[in-house]
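Data first, discussion second: the structure below is written as structure tokens.
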Amino acid sequence: MTPSQVDARLVGNDPAGAYRLLTLHAPAVAGAAEPGQFVALAVGGPDSALLLRRSFALYTADPDQGLIGIVVAEHGAGTAWLVRAPVGTTLDVVGPLGRPFRLPSAPCPAVLVAGGYGSAPMFELGRRLRALGGAVHLVLGAAAAPRLFGLAEATDVADSVTVRTDDGSAGRRGLVTDGLGELIERTRARQVYACGPMAMLQAVAEVSAACGIPAQVAVEESMACGIGVCMTCVLPVVGADGRSRMVRSCAEGPVFDADRVRWKDVGTLPADVLGAEAMGWH
Amino acid sequence: MTPSQVDARLVGNDPAGAYRLLTLHAPAVAGAAEPGQFVALAVGGPDSALLLRRSFALYTADPDQGLIGIVVAEHGAGTAWLVRAPVGTTLDVVGPLGRPFRLPSAPCPAVLVAGGYGSAPMFELGRRLRALGGAVHLVLGAAAAPRLFGLAEATDVADSVTVRTDDGSAGRRGLVTDGLGELIERTRARQVYACGPMAMLQAVAEVSAACGIPAQVAVEESMACGIGVCMTCVLPVVGADGRSRMVRSCAEGPVFDADRVRWKDVGTLPADVLGAEAMGWH
Amino acid sequence: MALTSTAVDLATVLAGVALPNPVLTASGCAAAGRELAPYLDPAELGAVVTKSVMLRARSGRATPRMAETPSGMLNSIGLQGPGIEAFLADDLPWLAARGARAVVSIAGGSVAEFAELAGRLAGAPGLALIEANISCPNVASRGQVFACDPAAAADVVAAVTAAADVPVLAKLSPDVTDIVSIARACVAAGAAGLSMVNTLLGMVIDTDSLRPVLAGITGGLSGPAIRPVAVRCVWQVHQALPEVPILGMGGIRSGRDALQFLLAGASAVSVGTAVFHDPSAPARVLRELRADLARLGFTRVSGVVGLAHRDGGR
Amino acid sequence: MALTSTAVDLATVLAGVALPNPVLTASGCAAAGRELAPYLDPAELGAVVTKSVMLRARSGRATPRMAETPSGMLNSIGLQGPGIEAFLADDLPWLAARGARAVVSIAGGSVAEFAELAGRLAGAPGLALIEANISCPNVASRGQVFACDPAAAADVVAAVTAAADVPVLAKLSPDVTDIVSIARACVAAGAAGLSMVNTLLGMVIDTDSLRPVLAGITGGLSGPAIRPVAVRCVWQVHQALPEVPILGMGGIRSGRDALQFLLAGASAVSVGTAVFHDPSAPARVLRELRADLARLGFTRVSGVVGLAHRDGGR
Ligand SMILES: Cc1cc2nc3c(=O)[nH]c(=O)nc-3n(C[C@H](O)[C@H](O)[C@H](O)COP(=O)(O)OP(=O)(O)OC[C@H]3O[C@@H](n4cnc5c(N)ncnc54)[C@H](O)[C@@H]3O)c2cc1C
Ligand SMILES: Cc1cc2nc3c(=O)[nH]c(=O)nc-3n(C[C@H](O)[C@H](O)[C@H](O)COP(=O)(O)OP(=O)(O)OC[C@H]3O[C@@H](n4cnc5c(N)ncnc54)[C@H](O)[C@@H]3O)c2cc1C
Ligand SMILES: Cc1cc2nc3c(=O)[nH]c(=O)nc-3n(C[C@H](O)[C@H](O)[C@H](O)COP(=O)(O)O)c2cc1C
Ligand SMILES: Cc1cc2nc3c(=O)[nH]c(=O)nc-3n(C[C@H](O)[C@H](O)[C@H](O)COP(=O)(O)O)c2cc1C
Ligand code: FES
Ligand code: FES
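Residue numbers (the working numbering), protein chains in the order written: chain P, 16 to 297; chain C, 16 to 297; chain E, 3 to 316; chain F, 3 to 316.
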């Protein structure tokens, strides 16, 4: 699990709906990675004005071939450069980073909920859960069909697949949380895993709580370093001691227990967070 | 001669000894260019931290095909990027810039002296001089053979070709100025043209002066804008009125009458330059 | 604000002067406009801000005068120029003849020099505004920069305002502990508006020659690298003096960059170093700004000026 | 100096403290060293400069806390940290156990807080130096930053020096009109050396939300973008106070960048934001610096410190 920094050769850059699937040769990373972890890539080349790394959840990690796969949505300058990087480009990769999804000690049915490229970590997670002997029910959602990632692969890793899009261009029109409660009841799921936009994660957290089962969520906060030294990626999380703290999503996360995240307070400084009273002038 | 700014497609990027020959499709530039002028290229791509354009003398300009050619020596970050630019890259080109070599009104023998990639403008200049009916004698010099550009082509444009290298790896060991005086006498040259490092240009200026014939030299000063607005590229030049001024080598140059350039004072602020007395605290 | 994208009226008033649009050149980055003619029409810009002119012709410093830095550059020109005489004879008329508005930047080594320059400009053709470049050394105080001392800055502004027949912008340096105090002093002394910011003092050392790269040792840092500092200066001054018109500059390279300055409180912007990267930058920035305002549903430039201070945000 | 490339002795003395080499981390860019262990050996660096610690635990500000800028970034962390208690219990021992030297950065809202922090650090394991981060707001003067006022800066330095059992570095802000006057005040008050520079105050406005990007509105600008300003600050202070040891920082990303600071007058350097781009940056910078010194024929770091001021240039 210890991360390393490697020069990885880009061996594949293929379209995947609205995204690009980038495959890199990075044995050290592939050998250590677990679902839910991410990698941080330097972007723009040697003379780039883009100083910070870009983070991407690991989609695949094949220790035998030493390959990792990430799913990249073009967003701004860094991802624009990345999705256009020709095969053969050497990319500076740091990873695997962060804490992965925790697997149950005993086999149990689980519901995996993903929004957009948030499905990237779910396929390997699904395989591992089924290897443990638990049923896997996958819920994929997106704004529209092209933003659903991995639909074709879904049935290989899941016992049931539910699809939702905002515009109805694939599956049922609606949100991933529509009917999620029923799905949990029907499948007798004991665990929910989710990855996607914050608003979706919060909704999934609420449904899971209502059903009385735990949810693990992989959050996406803006990160300057990705390795735990800069303190830019924090969000308010309740600790085992009941105290809320500003916690680094790159080091203590990106996977959190949904019931520990103070969803409504993300992006604020709640007065009861440890050390909030000390802020004063600063 | 009026410059334009164009998106030029890189159609060729070929080795040429120690240099790369870059060929660009830039009809507006090709149609207006004359030997001695240069182009300024943006480098590093959209997210580049390299803010300033890089300047290169025009080697070829073919109005019919709309192509221009430049000879690039890898020096720092910008040229490192440029020499690795794949064919098909779109480059932002401004040109043609600066004042070209002036051709004689009547045909006359001329000696063309070039150091390193400084030979780039000499081939088209040689053709034009011979088209006018004057003999052309070309002197090419460099540190070593790989840094001689255009040797193979030299005999097509010149009645005689003299080669000098510091290490003797091609032609005679020595400097382009070795025997230059004799060559001028023997060929009864009435005009010298030169392009290359400042030290070489100064030496050529001295020999020409000693032989009593005029020399035109293309200088190479560090340029921020290349179009005459920033005042970074100046050198002390004596005007027709006998007054010395700090003159822009991008706009009034890069070609100057050698006897007008205050060679020993380049890089200094001579006290008798116009406005030097006004400097005071600034 | 209208949410449908309609035609955007770019007309702006800067320090009481009506301009067709809010995008200008920056002093020292466009000479007197002529050299940019192949790449843009000077008359289509809000105005052309000319290179700081002094009373007498100046040679400028020795070379090297520039060094490229990450996303920026250093310059140490030393205000090379022909002097006010030649400027009035050759440069202003050229701009006027093309229907371009001129913001004339002036620089002096003393209050008297500044005043005389302003006087010489009175009645000059096409003169829209005077920009007093007070980021230059004060001979009287052993080279201390006017813009770094509220009193010295105020003296210059008062003298220039008295001698000028157009509104005066004071151009501030970011190299101060408290830019608001300098701004207050200039406004109290009669400045109709503020130009911010000038370059940051910087230097680069050549690791081969082991000496400073610039002949002048230190130079002015400009370009996108300094944009966050420039936006912060505009923000602070607009917050303290919301009624004072600001001409914002510092690393503007795109319409969105220009929009940041307007949102921070500038009524117009200057595009400087970006011209070296792209000689058509001011015209392009204007195009992009128009498109951005339309995209956001604004119909008037005034609608965005200082908006980031209010909760007009979304 | 020898012209043949021989082995380079990188040992350096910073403010009286012997360090194996002149490359350190920068406060707030390496936490307390632990997170960098996968990428470099903290003990192989000159020292690890720890994140500024305060008396009590601090939550830091709301997010967003960062914004990327051209060749730089803004941060607005708000000194999040566990407080001196936990720092002494968990962080320092970890560094000491690995044989790494610690330069502990401290920050307070009052002179008393600074003094108490220095006292608490007395006798702490592995403590090599204290770096007083005076670029933070002074509660007593309505949030004015200590580093922006010579008197306030001197008060902090005097109190910290009195309470500390190791030499004290005062960390200066570049956001001042006259950094030399602040430097003089700190040295007169007992600072054994100066760390320069801290971040420049900047801001970015989101052109979609039309609001400042940072929850804290303004933030500190760092990275290669500010390097020319940082080198200039080091140059000015070394020129005025050649005997005063300087820990130089600001945009160092390569061995050549580090060399610029040494040539300007720094005895050692901190690598900060570059760590976010390359977690092994401090170790790499050290390697590159060794190679550069060898290439130039220097056998000792002291041979280059301040050299750009003398005509040792070539
Ligand atoms: C743990 C983690 C996992 C992620 N997984 C994926 C993935 O699998 N696929 C994918 O396409 N994207 C993923 N992202 C988002 C991705 O990192 C951003 O889209 C990307 O950094 C944007 O960079 P840019 O230069 O294109 O955009 P810009 O807006 O130009 O980036 C500017 C700065 O903001 C930061 N930033 C901007 N948007 C985001 C964001 N949404 N999250 C975090 N930082 C941001 C950038 O890192 C950069 O520092 C993940 C982010 C995190 C934190
Ligand atoms: C009129 C003119 C014609 C030129 N013709 C040619 C040519 O035909 N072939 C060729 O290979 N080179 C030519 N050069 C030199 C070429 O412009 C530089 O080698 C190039 O700019 C270096 O950029 P860099 O990023 O690789 O080096 P860097 O050192 O990283 O450049 C840093 C900055 O310094 C400037 N700079 C550095 N070296 C020079 C230099 N020698 N001259 C001018 N500016 C410099 C760069 O433009 C840039 O702004 C010419 C220069 C000028 C002014
Ligand atoms: C080469 C150069 C010359 C400059 N000359 C002047 C000048 O004469 N007067 C002045 O007020 N500002 C001058 N400036 C500063 C610019 O007008 C502008 O304030 C600064 O560069 C920041 O804007 P920018 O980043 O867009 O260039 C000059 C800047 C550069 C790069
Ligand atoms: C995220 C971040 C946090 C920082 N925290 C501190 C701090 O706690 N104390 C301090 O003195 N400087 C702090 N700094 C400033 C750095 O130590 C350094 O002075 C500055 O960033 C310039 O160096 P750089 O460009 O190499 O980062 C911080 C910088 C960054 C980017
Ligand atoms: S991104 Fe730096 S601590 Fe998380
Ligand atoms: S390079 Fe700008 S004036 Fe010549």
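Where a beta carbon is used, it is the ideal one built from N, C-alpha and C, also for glycine.
This one's a predicted model, so the numbers in the text were calculated from it and none came from an experiment.
Residues that P/C210 bridges to, as DSSP identifies them
Along the first sequence, one-based indexing puts residue 210 of chain P at 195. Its beta-bridge partners are P/A129 and P/A233.
Quick check: the Cα distance between F/A285 and F/A185, rounded to an integer number of angstroms?
Along the fourth sequence, one-based indexing puts residue 285 of chain F at 283. Along the fourth sequence, one-based indexing puts residue 185 of chain F at 183. Going by the C-alpha atoms only, they are around 29 Å apart.
Just the Cα atoms here: how many angstroms apart are E/L226 and E/G74?
Here residue 226 of chain E is taken as the residue at index 224 of the third sequence, counted from 1. Here residue 74 of chain E is taken as the residue at index 72 of the third sequence, counted from 1. One point to set straight first is that residue 226 of chain E is Pro, not Leu, in the sequence displayed. A direct Cα-Cα distance of roughly 6 Å separates E/P226 from E/G74.
8 Å Cβ cutoff, E/T65 in contact with chain C
Numbered from its first residue, the third sequence carries residue 65 of chain E at position 63. For E/T65, the closest Cβ of chain C is nearer than 8 Å.
For P/L289, which residues from the same chain have a beta carbon less than 7 Å from its beta carbon, with the 5 sequence-adjacent residues on both sides left out?
Translated into the one-based positions of the first sequence, residue 289 of chain P becomes position 274. Once the five neighbours on either side are set aside, the close Cβ partners of P/L289 are R258, S259 and R260.
Against chain P, with Cβ distances strictly below 8 Å, would C/D62 count as a contact?
Working through the second sequence from its first residue, we reach residue 62 of chain C at position 47. Chain P, which has a Cβ nearer than 8 Å to the Cβ of C/D62, makes this yes.
For F/I108, the residue or residues it bridges with in DSSP:
Within the fourth sequence, the letter at position 106 stands for residue 108 of chain F. Looking at the DSSP assignment, F/I108 forms a beta bridge with F/V55 and F/A134.
Residues of its chain near F/L264, where Cβ-Cβ distance is below 6 Å and the 5 sequence neighbours each way are ignored
The residue you call residue 264 of chain F lines up with position 262 of the fourth sequence. In the same chain as F/L264, and ignoring 5 residues on each side of it, the C-beta atoms closer than 6 Å to its own belong to V306 and V307, in chain order.
For the candidate residues C/I228, C/S134 and C/D280, whose alpha-carbon lies nearest to that of C/P251?
For the purposes of this step, residue 251 of chain C is identified with residue 236 of the second sequence, where counting begins at 1. Of C/I228, C/S134 and C/D280, the residue nearest in Cα terms is C/D280.
Which residues share a DSSP beta bridge with F/F148?
Along the fourth sequence, one-based indexing puts residue 148 of chain F at 146. Residue pairing from DSSP leaves F/F148 without any beta-bridge partner.
Put C/L118 into one of helix, strand or coil per three-state DSSP.
To locate residue 118 of chain C, count along the second sequence from 1; it is residue 103. Look at C/L118 here: in three-state DSSP terms it is coil, with no helix or strand label.
So which residues on chain C does P/G148 lean against when the C-beta distance must stay under 9 Å?
For the purposes of this step, residue 148 of chain P is taken as the residue at position 133 of the first sequence. Going along chain C, no residue has its Cβ under 9 Å from P/G148, so there is no contact; the nearest lies around 48 Å.
With DSSP run on the structure shown, which of helix, strand or coil describes C/S134?
If you number the second sequence from 1, residue 134 of chain C lands on position 119. Of the three classes helix, strand and coil, the one that applies to C/S134 here is helix, per DSSP.
Just to check, is the beta-carbon of C/M137 closer than 7 Å to a non-hydrogen atom of ligand 7?
This structure simply doesn't include ligand 7; it includes ligand 1, ligand 2, ligand 3, ligand 4, ligand 5 and ligand 6 instead.
Extract the residue ranges of the beta strand (DSSP E) inside the segment 199-260 of chain E, only unbroken runs of 3 or more that lie entirely within it.
Segments of the beta strand (DSSP E) lying fully in the segment 199-260 of chain E: 202-204, 221-224 and 248-251.
Between C/G295, C/Q217 and C/G131, which has its C-alpha nearest C/A157's C-alpha?
Here the question's residue 157 of chain C lines up with position 142 in the second sequence. The residue with the shortest Cα to Cα distance from C/A157 is C/G131.
Buried versus exposed call for C/Q80 [16 or more other C-beta atoms within 10 Å across all chains shown]:
Along the second sequence, read from residue 1 onward, the residue named residue 80 of chain C stands at position 65. So C/Q80 ends up on the exposed side.
Beta carbon proximity, C/H297 to chain E, threshold 8 Å:
Translated into the one-based positions of the second sequence, residue 297 of chain C becomes position 282. Residue confidence is low: C/H297 scores 48 on pLDDT, short of 50, so the model does not pin down where it sits. No coordinate-derived value is stated.
Which one of E/D177, E/V168 and E/A109 has the shortest CA to CA distance from E/C138?
Position 136 of the third sequence holds residue 138 of chain E. Closest in C-alpha terms to E/C138, from the list E/D177, E/V168 and E/A109, comes E/A109.
What are the uninterrupted segments assigned as beta strand (DSSP E) that are 3 or more residues long and contained completely in the segment 148-229 of chain C, given in chain order?
Within the segment 148-229 of chain C, the complete beta strand (DSSP E) runs of at least 3 residues are 151-157, 175-180 and 206-210.
Is it buried or exposed for F/A88, if we count other Cβ within 10 angstroms and need 16 for buried?
For the purposes of this step, residue 88 of chain F is taken as residue 86 along the fourth sequence, with counting starting at 1. Flag for F/A88 reads exposed.
Excluding sequence positions up to five away, which residues of its chain have a Cβ less than 6 Å from the Cβ of P/S89?
Looking up residue 89 of chain P in the first sequence gives position 74. Note that residue 89 of chain P corresponds to Glu in the displayed sequence, not to Ser. So the list reads A95 and V98, once near-sequence residues are dropped.
DSSP three-state call for C/T105: helix, strand or coil?
As a first step, residue 105 of chain C is located in the second sequence; it is residue number 90 there, counting from the start. Of the three classes helix, strand and coil, the one that applies to C/T105 here is strand, per DSSP.
Could you tell me whether any non-hydrogen atom of ligand 6 is closer than 7 Å to the CB of C/A238?
In the second sequence, counting from the first residue as 1, residue 238 of chain C sits at position 223. Correcting the residue identity first, residue 238 of chain C is Met in this sequence and not Ala. Answer for C/M238: yes, Cβ within range of ligand 6.
CB contact below 8 Å: F/D294 versus chain E
For the purposes of this step, residue 294 of chain F is identified with residue 292 of the fourth sequence, where counting begins at 1. Interface residue, yes.
Using the Cα positions of F/R258 and F/D294, report the straight-line distance between them to the nearest angstrom.
For the purposes of this step, residue 258 of chain F is taken as residue 256 along the fourth sequence, with counting starting at 1. For the purposes of this step, residue 294 of chain F is taken as residue 292 along the fourth sequence, with counting starting at 1. Between F/R258 and F/D294, the C-alpha separation is close to 7 Å.
Short of 7 Å in beta carbon distance, which residues of its chain neighbour E/S7, apart from the five on each side in sequence? Order them along the chain.
The residue labelled residue 7 of chain E in the question sits at position 5 within the third sequence. Note that E/S7 has pLDDT 47, beneath the 50 cutoff, so the model's placement of it is unreliable and the number below is only indicative. Cβ within range, chain order: A296, R297 and G299.
Just to confirm before moving on: does the CB-CB distance between F/L171 and F/A17 stay below 8 Å?
Walking along the fourth sequence from the start, residue 171 of chain F turns up at place 169. Walking along the fourth sequence from the start, residue 17 of chain F turns up at place 15. It is a contact, given that the beta carbons lie within the stated cut-off.
Starting from C/S259 and walking both ways along the alpha helix (DSSP H), at which residues does that stretch end?
Reading the second sequence from its first residue, position 244 is the one you call residue 259 of chain C. Per DSSP, C/S259 is not a residue of any alpha helix (DSSP H); the beta strand (DSSP E) it occupies stretches across S259 to R263.
Any heavy atom of ligand 5 closer than 7 Å to the Cβ of P/R263?
Start at 1 with the first residue of the first sequence, and residue 263 of chain P comes out as number 248. True, at least one ligand heavy atom lies under 7 Å from that Cβ.
Do E/G30 and E/R60 have their beta-carbon atoms positioned less than 8 Å apart in this structure?
Along the third sequence, one-based indexing puts residue 60 of chain E at 58. Along the third sequence, one-based indexing puts residue 30 of chain E at 28. No, the pair does not count as a contact, with Cβ atoms beyond the cut-off.
Could you tell me which chain E residues have their CB closer than 8 Å to the CB of C/V288, listed as they occur along the chain?
Here residue 288 of chain C corresponds to residue number 273 of the second sequence, with the count starting at 1. Going along chain E in sequence order, the residues near C/V288 (Cβ under 8 Å) are S61.
For E/L1, which option in E/N77, E/V246 and E/A283 has the closest C-alpha, if you only look at C-alpha atoms?
The structure shown does not extend to residue 1 of chain E, since chain E is modelled only from 3 through 316, so no value can be given for it.
Measuring from the CB of E/A69, is there a heavy atom of ligand 6 at a distance below 7 Å?
Counting from 1 along the third sequence, the entry for residue 69 of chain E is found at position 67. At a cut-off of 7 Å, the beta-carbon of E/A69 does not count as near ligand 6: no heavy atom of the ligand is closer than that.
If you reduce the DSSP assignment to three classes, tell me which class F/A4 lands in.
Counted from its first residue, the fourth sequence places residue 4 of chain F at position 2. For F/A4, the predicted model reports a pLDDT of 41, less than 50, meaning its position is unreliable; a value from the coordinates is still stated below. Looking at F/A4 - three-state DSSP - the assignment turns out to be coil, as it is neither helix nor strand.
Less than 8 Å separating the beta-carbons of C/A185 and C/A160?
As a first step, residue 185 of chain C must be located in the second sequence, where it is residue number 170. As a first step, residue 160 of chain C must be located in the second sequence, where it is residue number 145. Against a cut-off of 8 Å, the Cβ pair of C/A160 and C/A185 comes out as a contact.
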